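Engineer: Please see the structure below; I have some questions.
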Amino acid sequence: MATAQMNNLTTLIKRLETATSQLEKMAAIPSGSTPETNGAITPLTQRGATIAPSSTPQTGPTAALSTSLPPVIEGFDALVHQEVKKFLTLSEKIGGPVSDQAGYVEKAFAATRKFILLTTRARKPDQSSQTYMETLKPLQSTLSAVDGIKVANRGSPLFNHLAAIAEGIGMLGWVAFEGKPQDYVKETIDAAQYHGNRVRMEYKEKDPTHVEWIQSYYAIGKGLVAYITKFYPTGMTWNNKDGIDAAQALEQVESGAEVPAAGGPPPPPPPPPPPPKFDALPTATAGSSGGADMGAVFDQISRGSAVTSNLKKVDASQMTHKNPSLRASSSIPARSDSLNSTSSSVTAGRGKSPVPSRKPDSLRVKKPPKKILESNKWQIENYDSPGEIIEIQASIQHSIIISKCTNTTVRVYGKANAISIDSSSNFSLIVESLVASVDVIKTSKFDIQVLGKLPTILLDQVDTSNIYLGPASLETEILTSKCNSINVNVAGATERDDYKECPVPEQIKTIIRNGVAVSEIVEHAG
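See the structure below:
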C-alpha cells in the first residue's frame with residue numbers, strides 16, 4: 001500500500017517540475033512580444049496575430065499565387081515558358097497547318113497542367129470509374145485534335161512536320177502511365193524522330209528555321225523527361241492522404257480556382273496542462289481499481305510462471321488440428337476450400353498465394369507506334385489501325401521484328417533475311433523474298449502473301465490464317481503448332497486461274513503399333 005502511494009507521489013512531482021519549467025520559459029520572453037493584461041499571459045494565438053507585416057508586402061493575386069502553387073506546377077510552368085514557348089514561336093513562323101497544330105499542342109500542355117494540379121488536391125479514383133475517365137477527358141480531346149490535323153492534311157508538303165508532332169504528342173500520356181514515365185516519353189520522342197529526321201534532311205539546306213523548329217520539339221521531350229525524373233520518377237502521385245474527392249477537385253480546376261494563399265504560419269502547440277492539485281491525491285483503492293498502478297504491474301511480473309496459473313488447460317480432444325471431427329463442424333473453411341476459385345495448375349505453381357487478376361486492355365496505356373532501324377534490325381511495334389500500308393525497304397542483312405500490331409498491313413520490298421511476328425491481330429504481310437523464314441507466334445487473323453521465294457513459314461499458336469503462295473514459292477515448307485483454321489492458297493497454273501485453297505489438317509489420330517505411337521491425319525469422306 002505504501003509503495004503504491006510513493007509511486008503516485010513521485011509521478012506527480014515530476015509533472016509539477018515539468019509544468020514549472022515551461023512556465024519559467026514563457027516568463028523569460030520579452031514583454032514586447034508577450035503583452036500582459038491584468039497579470040494574465042496572452043494566449044499564443046493572439047500573440048501570433050500581433051506580428052508586424054513585412055516592409056515589402058506582396059499584394060495582388062499574382063503574389064498570392066506565386067506563394068501557393070505547388071512545386072510540381074511551378075516546374076511544369078517553367079517547361080512551358082521555355083521549351084514549349086520557343087516551339088510555338090517557330091510554329092507561327094512556319095505557318096499553315098503547322099501553326100494550327102501547334103495551337104492544339106499548347107492546349108494539350110494546358111490540359112496536362114490542370115490534371116497535375118488536380119492530382120495535388122484529390123485522392124486517386126478507381127481507374128475503371130467514370131470520374132477517372134472525366135479527369136483525363138480534356139487531355140484526350142486535345143491529343144485527338146493534334147492527330148486530326150495530321151489526318152486532314154495528308155497531301156500537304158508539310159505532312160512530315162504534322163506527322164512528327166502527332167506521333168510525339170503522345171508523350172503527354174505519361175500522366176496515366178504505370179511504371180517509369182520518363183522511359184515512356186523517351187520512346188515516344190524516338191518514334192517522332194522518324195518523320196522529324198525527314199524534316200531536318202529536307203530543309204537542312206533550304207530553310208534552317210524548319211531544322212530549328214524540329215529541334216525545339218525534341219527539346220520539349222528532353223525537358224519533360226527531366227521534369228518527370230525530378231518530380232515523378234516512379235509515376236504520377238495523388239494526394240491520397242488528405243485530398244478531396246476527384247470529382248470535386250475537377251470542378252475546382254475547371255472553374256479556375258487556384259490554391260488559396262497561405263494565411264500565416266502554422267498554429268503553435270497548445271499551452272501546458274494546469275498544475276496538479278495536491279489536495280486531491282488518488283487513494284490506493286482508486287489506483288488499484290483503475291489498473292493504472294505500475295506497482296501492481298511489476299508485482300504481476302515478479303510472480304514468474306505463476307502468472308499463467310489461472311489459464312484454462314485445453315485438452316487434446318478440443319484442438320482442431322488434432323481432432324478432424326472438429327474441423328468438419330467448424331464454421332471456418334479449410335485452406336483447400338478457400339482456393340477452389342483458382343485452378344489447380346495455377347495454385348500448384350504459385351503455392352497458396354492469390355492469383356492477380358489480368359488488367360483489362362481498355363485500361364492499359366497504349367504505347368506509341370514505333371518503326372525504327374537499329375543496326376540490321378527493323379522494329380515495328382504498337383501500330384493500331386494506321387490507315388495506310390507500312391512500307392519497309394529491306395536488304396539481305398536486315399531482320400524484321402513485328403510485335404503488338406492491330407489492323408495493320410506491312411509491305412516489305414527487297415529480299416530480307418527473316419521476319420518475326422508476335423502478339424498481333426488482324427495483321428497482313430506482303431513479302432517478296434526471304435533468305436530464312438517467317439515466324440509467327442501468338443497471333444490471330446494473320447494473312448501473308450509471298451511474291452517471290454520463301455523457304456519456311458513457322459506458325460505457333462496462330463488462330464485463323466490465310467497463306468497465299470505465288471508460282472515461285474510453291475516449295476515453301478509450312479510448320480504449324482497449336483494452330484487452327486490455317487488455309488494455304490496456291491496459285492494456279494496460269495495467271496488467269498484462281499488460287500486453290502488447301503486447308504491444313506487439324507485433327508490427328510494416334511494409335512499404338514508394335515509399342516510405338518503412330519499419328520495419322522484424320523480424313524473425312526464425303
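Anchor point for the sequence shown: position 149 equals 149 in full-length UniProt numbering, and the numbering is continuous, going up by one each time.
Even glycine gets a Cβ: it sits at the ideal position worked out from N, Cα and C.
The model shown is predicted, which means the values in this text are computed figures rather than measured ones.
Residues in its own chain within less than 8 Å of S385 by CB, not counting five upstream and five downstream?
Structural biologist: Taking the first residue of the sequence shown as 1, we reach residue 385 at position 385. Taking C-beta separations shorter than 8 Å and ignoring five residues to either side along the sequence, the partners of S385 in its chain run T406, N407, T408, following chain order.
Engineer: Could you check where the beta strand (DSSP E) with R200 kicks off and where it finishes?
Structural biologist: Locating residue 200 in the sequence shown gives position 200, counting from the first residue. Note, R200: premise wrong, no beta strand (DSSP E); alpha helix (DSSP H) at 181-203.
Engineer: When the distance is taken between beta carbons, is V435 closer than 8 Å to N417?
Structural biologist: Position 417 of the sequence shown holds residue 417. Position 435 of the sequence shown holds residue 435. Result yes, Cβ atoms of N417 and V435 sit closer than 8 Å.
Engineer: Name, in chain order, the residues that DSSP records as bridge partners for T408.
Structural biologist: The residue labelled residue 408 in the question sits at position 408 within the sequence shown. T408 pairs with F427.
Engineer: Identify, in the order they occur along the chain, each residue of the same chain with its Cβ nearer than 7 Å to the Cβ of S99, setting aside the five sequence neighbours on each side.
Structural biologist: Here residue 99 refers to the residue found at position 99 when the sequence shown is read from its first residue. Counting only Cβ-Cβ distances below 7 Å, and skipping sequence neighbours, we find S91, E92.
Engineer: Alpha helix (DSSP H) containing K124: first to last residue?
Structural biologist: One-based indexing of the sequence shown puts residue 124 at position 124. First-last for K124: undefined, no H or E at that position.
Engineer: Who are the near neighbours of K114 in its chain, counting only those whose CB is closer than 6 Å to its CB and skipping five residues on each side?
Structural biologist: The residue given as residue 114 occupies position 114 in the sequence shown. Cβ neighbours of K114 beyond the five flanking positions: V253.
Engineer: What is the DSSP secondary structure of Y499, reduced to helix, strand or coil?
Structural biologist: Taking the first residue of the sequence shown as 1, we reach residue 499 at position 499. Three-state DSSP puts Y499 in coil, outside helix and strand.
Engineer: How would you write the range of the beta strand (DSSP E) that T510 sits in, first residue to last?
Structural biologist: As a working note, residue 510 is residue 510 in the sequence shown. Element bounds for T510: 508-513.
Engineer: On the DSSP bridge list, what partners appear for K517?
Structural biologist: As a working mapping, residue 517 is identified with position 517 in the sequence shown. Sequence inspection shows Ala at residue 517; the Lys mentioned does not correspond to that position. I512.
Engineer: Rounded to a whole number of angstroms, what is the C-alpha to C-alpha distance between residue 528 and S395?
Structural biologist: The question about residue 528 has no answer here: the residues shown for the chain are numbered 1 through 526.
Engineer: Skipping 5 residues on each side, what residues in its chain have a beta carbon closer than 7 Å to that of N466?
Structural biologist: Counted from its first residue, the sequence shown places residue 466 at position 466. For N466, where only same-chain residues beyond five positions count, the Cβ hits under 7 Å are D447, N487, N489.
Engineer: Between which two residues does the beta strand (DSSP E) harbouring K370 extend?
Structural biologist: The sequence position of residue 370 within the sequence shown is 370, counting from 1. Note, K370: beta strand (DSSP E), 370-374.
Engineer: Quick test of the definition: if touching needs 3 or more C-beta pairs under 8 Å, does the stretch 227-245 touch the stretch 119-127?
Structural biologist: As far as the Cβ criterion goes, the stretch 227-245 touches the stretch 119-127, which means the pair count is three or higher.
Engineer: Give me the Cα-Cα distance between V259 and A249, rounded to the nearest whole angstrom.
Structural biologist: By 1-based counting over the sequence shown, the position of residue 259 is 259. By 1-based counting over the sequence shown, the position of residue 249 is 249. Note that V259 scores a pLDDT of 45, beneath 50, so its modelled location is shaky; the value from the coordinates is reported in the next line. Taking the straight line joining both Cα atoms gives about 11 Å.
Engineer: With 16 as the cutoff for other CB atoms within 10 Å, does K371 come out buried or exposed?
Structural biologist: Residue numbering aside, residue 371 sits at position 371 when the sequence shown is read from its first letter. Its Cβ being crowded by 16 or more others within 10 Å, K371 is buried.
Engineer: May I have the straight-line CA-CA distance separating T234 from L224, to the nearest angstrom?
Structural biologist: Indexing the sequence shown from 1 puts residue 234 at position 234. Indexing the sequence shown from 1 puts residue 224 at position 224. Answer to the nearest angstrom: the Cα atoms are 14 Å apart.
Engineer: Specify whether the stretch 193-201 and the stretch 159-169 touch according to this definition: at least 3 beta carbon pairs, one from each stretch, less than 8 Å apart.
Structural biologist: yes
Engineer: Determine the DSSP secondary structure at F76, reduced to helix, strand or coil.
Structural biologist: Against the sequence shown, residue 76 aligns to sequence position 76. Helix at F76.
Engineer: Can you name, in chain order, every residue of its own chain whose Cβ lies under 7 Å from the Cβ of G492, other than the five neighbours on each side?
Structural biologist: Against the sequence shown, residue 492 aligns to sequence position 492. Taking G492 as the centre and dropping the five residues before and after it, the same chain places the C-beta of D498, Y499, K500 closer than 7 Å to its C-beta, in chain order.
Engineer: What is the rounded straight-line gap between the Cα of Y232 and the Cα of E74?
Structural biologist: In the sequence shown, the residue the question calls residue 232 occupies position 232. In the sequence shown, the residue the question calls residue 74 occupies position 74. Whole-angstrom Cα-Cα distance: 14 Å.
Engineer: Tell whether a beta-carbon distance below 8 Å holds between K445 and Q461.
Structural biologist: Against the sequence shown, residue 445 aligns to sequence position 445. Against the sequence shown, residue 461 aligns to sequence position 461. Taking 8 Å as the Cβ cut-off, K445 and Q461 do not qualify as a contacting pair.
Engineer: What's the gap between the Cα of S255 and the Cα of T89?
Structural biologist: Stepping through the sequence shown from its first residue, residue 255 is reached at position 255. Stepping through the sequence shown from its first residue, residue 89 is reached at position 89. Roughly 28 Å between the two C-alpha positions.
Engineer: Going by the beta-carbon positions, is the gap between L433 and K415 smaller than 8 Å?
Structural biologist: If you number the sequence shown from 1, residue 433 lands on position 433. If you number the sequence shown from 1, residue 415 lands on position 415. The sequence given here places Ser at residue 433; Leu does not occur at that position. Yes, Cβ-Cβ distance for S433 and K415 is below 8 Å.
Engineer: Buried or exposed, going by whether 16 or more other CB atoms sit within 10 Å of the CB of L479?
Structural biologist: Along the sequence shown, read from residue 1 onward, the residue named residue 479 stands at position 479. Classification for L479: exposed.
Engineer: Since residue 528 and L139 should fall inside the 8 Å C-beta cutoff, what is the C-beta to C-beta distance between them, to a whole number of angstroms?
Structural biologist: As displayed, the chain neither begins before 1 nor continues past 526, which places residue 528 out of reach and without an answer.
Engineer: How many whole angstroms separate the CB atoms of V199 and I220, which I take to be in contact at a CB cut-off of 8 Å?
Structural biologist: Within the sequence shown, numbered from 1, the residue matching residue 199 stands at position 199. Within the sequence shown, numbered from 1, the residue matching residue 220 stands at position 220. V199 to I220, Cβ: 15 Å. No contact.
Engineer: Give the secondary structure of E178 by DSSP, where H, G and I count as helix, E and B as strand, and everything else as coil.
Structural biologist: As a working mapping, residue 178 is identified with position 178 in the sequence shown. DSSP places E178 in coil when its eight states are reduced to three.
Engineer: Go ahead and label N153 buried or exposed: buried means 16 or more other beta carbons lie within 10 angstroms of its beta carbon, across all protein chains shown.
Structural biologist: The count along the sequence shown starts at 1 and reaches residue 153 at position 153. With 16 or more other Cβ atoms within 10 Å, it is buried.
Engineer: Is it right to say P181 is buried, meaning 16 or more other beta carbons lie within 10 angstroms of its own, or is it exposed?
Structural biologist: Residue 181 sits at position 181 when you count from the first residue of the sequence shown. By the 10 Å Cβ count, P181 comes out buried.
Engineer: How would you write the range of the alpha helix (DSSP H) that Q130 sits in, first residue to last?
Structural biologist: Against the sequence shown, residue 130 aligns to sequence position 130. Residues 130-152.
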